[in-house]
Structures are given as C-alpha cells and as structure tokens.
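Asker:
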Amino acid sequence: MARAVALIGSSGGGGATLGHGDPNALRAALDWQLAAIGGGARIVEAQLVVCAAPLDFAAGAERASLWACGGEGELVCVARGSLAQVNARAHELDARLAERLAAGALHGLVSVSADARPGGVNARALKAAGRAALPVAGTGGSSLSMAAAEYGCVLVGNSGGSVATTPESKAIGVAAALAAAWREHFAPASASGGGAWHAPIDGCLPVFLAVACAATLADRAAPLLPPPLASAAAAFAGALRARALPPAVGAIAAQHRSGLGELSVLGGALVGALSRDSPLCALLAAAALAAAAPRCMAACARASVPATATSILVAGALPACIGAAAHAAAPACAALTSHARALLALALGGARGAPLVARGACGAVVGAGVHWGSRRGFYHALVLPLIALEAERGEMALLGALDLLALCVVGAGACAAQLALPRAASGARDAPLARRGLALNLGCGDYVEACFPFLARDRALDAAALCASAAAGALCASAGGVRSTAYVPLPVAVVLSDAPRALVRAALVAFCAPFAVGVACNAAANARGARGGGGARTPRDE
7 MARAVALIGS
17 SGGGGATLGH
27 GDPNALRAAL
37 DWQLAAIGGG
47 ARIVEAQLVV
57 CAAPLDFAAG
67 AERASLWACG
77 GEGELVCVAR
87 GSLAQVNARA
97 HELDARLAER
107 LAAGALHGLV
117 SVSADARPGG
127 VNARALKAAG
137 RAALPVAGTG
147 GSSLSMAAAE
157 YGCVLVGNSG
167 GSVATTPESK
177 AIGVAAALAA
187 AWREHFAPAS
197 ASGGGAWHAP
207 IDGCLPVFLA
217 VACAATLADR
227 AAPLLPPPLA
237 SAAAAFAGAL
247 RARALPPAVG
257 AIAAQHRSGL
267 GELSVLGGAL
277 VGALSRDSPL
287 CALLAAAALA
297 AAAPRCMAAC
307 ARASVPATAT
317 SILVAGALPA
327 CIGAAAHAAA
337 PACAALTSHA
347 RALLALALGG
357 ARGAPLVARG
367 ACGAVVGAGV
377 HWGSRRGFYH
387 ALVLPLIALE
397 AERGEMALLG
407 ALDLLALCVV
417 GAGACAAQLA
427 LPRAASGARD
437 APLARRGLAL
447 NLGCGDYVEA
457 CFPFLARDRA
467 LDAAALCASA
477 AAGALCASAG
487 GVRSTAYVPL
497 PVAVVLSDAP
507 RALVRAALVA
517 FCAPFAVGVA
527 CNAAANARGA
537 RGGGGARTPR
547 DE
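Going by my numbering, the first residue of the sequence shown is number 7, and it counts up by one from there.
#1: Could you give the first and the last residue of the continuous alpha helix (DSSP H) run that contains Ile-393?
#2: Starting from Ser-71, follow its DSSP beta bridges and name the residues at the other end.
#3: Is the shortest distance between the beta-carbon of Leu-448 and the beta-carbons of chain C less than 9 Å?
#4: Return helix, strand or coil for Ser-310, following the three-state DSSP convention.
#5: For the structure I just gave you, are there three or more beta carbon pairs, one from the region 110 to 127 and one from the region 80 to 88, closer than 8 Å?
#6: For Pro-312, is the classification buried or exposed, using 16 other Cβ atoms within 10 angstroms of its Cβ as the cut-off for buried?
#7: Helix, strand or coil, according to DSSP, for Leu-140 in the structure here?
#8: Which residues mark the beginning and the end of the beta strand (DSSP E) in which Gly-580 is found?
#9: What separation, rounded to the nearest whole angstrom, lies between the Cα atoms of Gly-15 and Val-271?
#10: Could you give the DSSP three-state label for Leu-427: helix, strand or coil?
#11: Going by Cα to Cα distance, which pick from His-262, Trp-38, Ala-243 is closest to His-204?
#12: Expressed to the nearest angstrom, what Euclidean distance is found between the alpha-carbon atoms of Leu-448 and Arg-534?
#13: Measure the alpha-carbon distance for Cys-287 versus Leu-54 and round it to whole angstroms.
#14: Write down the C-beta distance between Leu-467 and Cys-518 rounded to the nearest angstrom, noting that I regard them as a contact closer than 8 Å.
#15: Which residues mark the beginning and the end of the alpha helix (DSSP H) in which Arg-365 is found?
#16: Count the other CB atoms, across all protein chains shown, that sit within 10 Å of the CB of Ser-490; report buried if there are 16 or more and exposed otherwise.
#17: Starting from the Cα of Asp-283, find the closest Cα among Arg-511, Arg-247, Ala-259, Gly-126 and give me that residue.
#18: Report buried or exposed for Ala-241, applying the criterion of at least 16 other Cβ atoms within 10 angstroms of its Cβ.
#19: Can we say the region 247 to 258 touches the region 287 to 304, given the rule of at least three CB pairs closer than 8 Å?
#20: In the DSSP assignment, find the unbroken alpha helix (DSSP H) run with Val-180 in it and report its ends.
#21: Please classify Gly-199 as buried or exposed, where buried requires at least 16 neighbouring CB atoms within 10 angstroms.
#22: So, does the region 222 to 233 touch the region 413 to 426, judging by three or more C-beta pairs under 8 Å?
#23: Can we say the region 145 to 155 touches the region 102 to 111, given the rule of at least three CB pairs closer than 8 Å?
#24: Express the C-alpha separation of Cys-421 and Asp-452 in angstroms, rounding to a whole number.
#25: Just to check my reading of the structure: Ala-326 and Leu-411 have Cβ atoms closer than 8 Å, yes? What is that Cβ distance to the nearest angstrom?
#26: Taking the C-alpha atoms as reference points, what is the distance between Gly-209 and Arg-106?
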C-alpha cells in the first residue's frame with residue numbers, strides 16, 4: 007500500500023525559488039517522484055498558503071489563497087482574501103492535519119517554506135510530526151531549523167535552503183530523502199522520457215528560422231550599406247551563425263529530456279554554449295546532461311547535500327564537466343553534419359556535371375516524397391530534422407524550399423480552386439476552410455492541412471498535388487538546388503532564396519497545377535449533380 011504524505015508550507019519568504027507560486031505544479035512534481043519510491047507514496051493532505059508578495063515583507067493585507075487536497079488528488083483553492091483572512095482559515099486546516107499526524111494516519115511530511123513560529127499556521131502539524139518522529143523533508147532553511155529546534159522534527163535528506171530550487175528539483179530531493187528514511191529504493195522518474203527523439207529539434211524551429219532569416223537578410227544588405235555598416239552586418243550574421251543555435255538547442259533538449267524545469271534550461275544552455283558552433287554536439291551533450299542530472303540530484307539528496315548546493319552542482323558544475331567533453335567533440339560533430347549536408351545537396355541539387363534529366367528526376371522524387379510523407383506522419387520525424395540539419399549554419403535550406411513548394415504552395419492552389427469554382431453541393435461549407443488555407447499558406451507559409459479534405463475528396467486533385475510537388479522538386483533540382491524556407495510569407499521566402507527566379511517558376515507550377523485540376527474536378531462534380539437532380543452528392547462529397 008502506498009505511503010501517505012502531507013504537504014505543508016507557503017509560496018516562500020523571498021524570490022529566490024523558481025515556479026514556487028503554482029501549487030499544483032509542485033504537487034504534480036512531488037507525486038511523480040514519490041510514486042517512484044519502492045512501495046509508492048503520494049500526497050494525501052495539503053495546506054499551502056500562496057501569497058502575491060514575498061512573505062518576508064508581507065504585512066497581512068496582501069492578496070493570498072489557501073490550497074488543500076481535493077477529491078481527485080489535485081490541490082484546490084479553499085480560501086481567498088487578504089493574507090490575514092487566509093491565515094485564519096489555515097490555522098483550522100493546521101489543527102485538522104495535526105490530528106491526523108498524531109493518529110498515525112500519515113508516514114511523512116513535506117515542508118516547503120512553512121510557518122514554524124510558535125502560533126504559526128504550520129506549528130501544530132510540525133509539532134505533531136516531531137512527536138511522532140516522522141521524517142520531514144523539504145526546503146526553507148529558517149522554518150526547517152525552527153521545526154527541528156522547537157518541535158524535535160526529524161529532518162531527512164537535503165532539507166534546507168530553497169535558493170535556486172524548482173518544483174522538480176524539490177520533488178527529487180524530497181523523494182530521495184523520504185525513500186532513504188523509509189529504507190526504500192528510489193530512482194528518479196523522468197518526466198519526459200517517452201517523448202519523441204526529434205521533439206527537441208522541432209521545438210527549436212523558431213530559433214533556427216530566426217537565425218537563418220536574420221543572417222541571410224544581413225548578408226543581402228551588406229553590399230548595399232556603407233563600409234562601417236557593412237562590416238557590422240557581416241559581424242552580426244557571423245555571430246548569429248556561430249553562437250545562437252547551440253545554446254538554444256542545448257536548453258530545449260535538456261528541458262525536454264530531464265524534466266527538471268528551469269535548472270535543466272540553465273544547464274542545457276551552458277553545455278550548448280560550450281559546444282562551439284555545433285547544434286548536433288549541443289543536442290548530444292544535453293541528452294547526456296538530462297540522463298545524469300536527476301541521478302546526480304538524487305545522490306546529493308541521499309548524501310544530505312543542501313538543496314541550493316545541489317542546484318548549483320546540477321545546473322553549474324555538472325554541465326561544465328559535460329560541456330568540456332562537448333567542447334572537445336564539437337569539431338567531429340561539425341564534420342559529421344557537414345558531410346550529411348553534402349549528401350543532401352547531392353540528392354536535392356545534383357552533382358556538378360550530372361545530366362539535367364538525372365538531376366530533375368532526383369528532385370522530383372524528393373519533392374513528391376516531401377508531399378507524400380507529410381501526410382503520413384514523416385514531416386515532424388524526418389523533414390523538419392533534416393531542415394534543421396541544413397540550417398545549422400544559419401543558411402536557407404534546400405528542403406525548406408521544397409517544404410514551401412510541395413506543401414504550402416500546392417495546398418494554396420488546391421484551396422484556391424474551391425473558391426474559384428465552388429461545388430454546388432458543398433461550396434458554402436468549403437469556403438471558410440479554403441479561404442483560411444489560401445491566406446495562411448501564402449501569407450504565413452503554414453497550414454497545409456487545410457487542403458487535405460479537398461484532396462481526400464478528389465482522386466484527380468490528390469494526384470495533381472503529388473505531381474505538382476514532383477514538378478516543383480524537379481525544377482529546383484534542375485536549377486542546381488534552390489534554398490528557401492516555409493513559415494514566412496511567400497514574397498519573403500522569394501527574397502530569402504538564393505535563386506529567387508527559379509523559386510518563382512517552381513511556385514507557379516506548384517500552385518497552378520492543383521488549381522487547374524481542382525477547378526476541373528469541381529466543374530465535373532457540378533455537371534454530374536445537375537444531371538442527377540440538382541446537386542446530388544457523391545459518396546466522396548460526404
């Protein structure tokens with residue numbers, strides 16, 4: 007049977023903790039880690055005071071709320087008002103919790119910045135825990151020291167100060183401490199270990215896109231500027247390409263893999279900064295940090311290393327050590343990704359001197375593959391990571407151009423056909439989606455999914471979209487490879503491209519083919535409906 011644990015405390019006296027004002031985030035983190043203790047454990051009682059101001063400086067009139075366990079295990083707000091009013095209700099919960107502790111209904115106590123003063127809102131519960139010799143774990147140096155001195159509370163693990171702690175780091179420290187006190191096994195639970203491998207790369211898309219666009223625009227502007235400004239633009243582009251991406255990749259990857267909140271962001275940014283100019287190295291270093299950090303934190307808790315010192319070790323010392331190895335491995339990682347980009351360029355642009363037909367055929371296969379794969383779950387798992395690989399030097403991507411053409415422009419053409427000649431049977435229903443799809447695909451480089459219902463309805467339109475994607479890919483490859491990006495307005499994508507004329511030609515083909523076939527399909531459907539009795543629907547219209 008899982009052990010029952012009580013949670014008491016407040017949002018804290020100072021501002022040195024992170025994420026301390028969200029009671030349910032703290033409860034969820036605690037329950038996640040407590041469940042990993044041998045035999046299991048969970049929060050069954052709670053009394054948390056959350057104040058809008060640091061409690062060290064609160065006078066009693068500040069807005070506050072009182073949180074307790076609800077029927078579903080989540081914390082619910084049971085009182086709101088001034089701090090003085092909330093504290094009056096908190097005393098009632100404190101007395102009730104003390105009775106349960108004295109009756110032996112609970113096996114441990116988690117104290118987070120509690121009010122341990124004689125007559126404080128947590129004094130009775132702490133006194134009852136001391137009399138029952140229950141293990142007490144948590145943070146808040148002043149309150150825990152007073153609880154041990156005044157009430158004889160048995161402090162376990164790394165209970166101590168709360169500076170630089172997060173709900174996730176608190177939870178691991180508390181679970182490790184209670185497990186040691188109960189003589190149970192504990193291995194930190196990963197909050198995101200089941201995530202897809204490519205999720206951190208996909209999550210970094212805004213940074214990759216921003217760096218590539220800004221650096222490319224700086225390169226375009228430099229020849230048009232006077233010498234001092236041209237030098238500044240070149241330096242800006244170089245700094246973006248060399249320094250921006252690895253820390254961002256490290257931070258996102260570490261946070262995704264470790265589940266340690268802000269501490270993992272700090273550590274991931276550090277290992278990324280030490281990975282020179284290689285996002286791949288930053289990704290691998292962040293994965294190593296994410297694997298090591300929770301175990302390091304649990305080991306520190308078992309060794310009674312204070313929570314603040316543990317945070318410094320996990321977010322500072324450990325990333326520095328891993329970052330040193332990453333710094334040494336960065337050139338090898340950069341060489342590996344450079345070779346991979348060369349292979350992609352060969353596939354998408356063709357080898358120098360290769361026959362034009364061969365280059366076009368290769369581009370057609372890739373263009374059709376991007377369109378086909380995006381509708382079968384391969385876009386996030388394959389296309390986006392490859393675009394990130396191409397863009398790791400802050401440049402436009404060959405696959406980025408095909409992403410724009412084979413998905414956005416093709417989708418816009420299919421949507422435009424529904425507006426140019428609506429179906430009699432479903433035109434009114436199709437129009438809002440078609441308008442939105444046309445506007446967003448051309449204006450934002452996104453929302454290709456808008457055309458999917460129209461493609462599913464007409465096999466001919468579906469085939470035209472695939473053929474248009476292949477034709478666009480062939481035109482790009484025949485031009486020696488065209489680089490650009492989706493997720494920006496089409497005119498901006500043309501400006502950013504290294505071959506704007508070739509991109510415009512490919513975009514015209516990608517748009518016009520599904521547009522023409524879509525109009526023809528709708529005309530045929532309307533004609534069939536007229537012959538069949540005024541707009542009868544076919545099964546594929548449903």
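We treat Cβ as the ideally placed atom computed from N, Cα and C, and that holds for glycine.
Answerer: By the coordinates alone:
#1: 390 to 396
#2: Ser-71 has Val-56, Arg-86 as its beta-bridge partners, per DSSP.
#3: Protein chain content of the structure displayed is limited to a single chain, and chain C is not contained in it.
#4: coil
#5: no
#6: buried
#7: Look at Leu-140 here: in three-state DSSP terms it is coil, with no helix or strand label.
#8: The displayed coordinates of the chain run from 7 to 548. Any statement about residue 580 would go beyond what the structure contains.
#9: Answer to the nearest angstrom: the Cα atoms are 26 Å apart.
#10: coil
#11: His-262
#12: Straight-line spacing of the CA atoms in Leu-448 and Arg-534 works out to 32 Å.
#13: 42 Å
#14: Wrong, their Cβ atoms sit about 13 Å apart, outside the cutoff.
#15: Start and end: 362 to 380.
#16: buried
#17: Arg-247
#18: exposed
#19: In short, these stretches touch, since the Cβ pair count reaches three.
#20: Unbroken alpha helix (DSSP H) run through Val-180: 173 to 188.
#21: Low per-residue confidence applies at Gly-199: pLDDT is 49, beneath 50, and the placement is therefore not dependable, though the value from the model is reported in the following sentence. Residue environment for Gly-199: exposed (fewer than 16 other C-beta atoms within 10 angstroms of its C-beta).
#22: Of all C-beta pairs linking the region 222 to 233 to the region 413 to 426, fewer than three are shorter than 8 Å, placing the two stretches out of contact.
#23: no
#24: 13 Å
#25: Incorrect: roughly 44 Å between the Cβ atoms, too far for contact.
#26: Cα to Cα, the separation comes out at about 46 Å.
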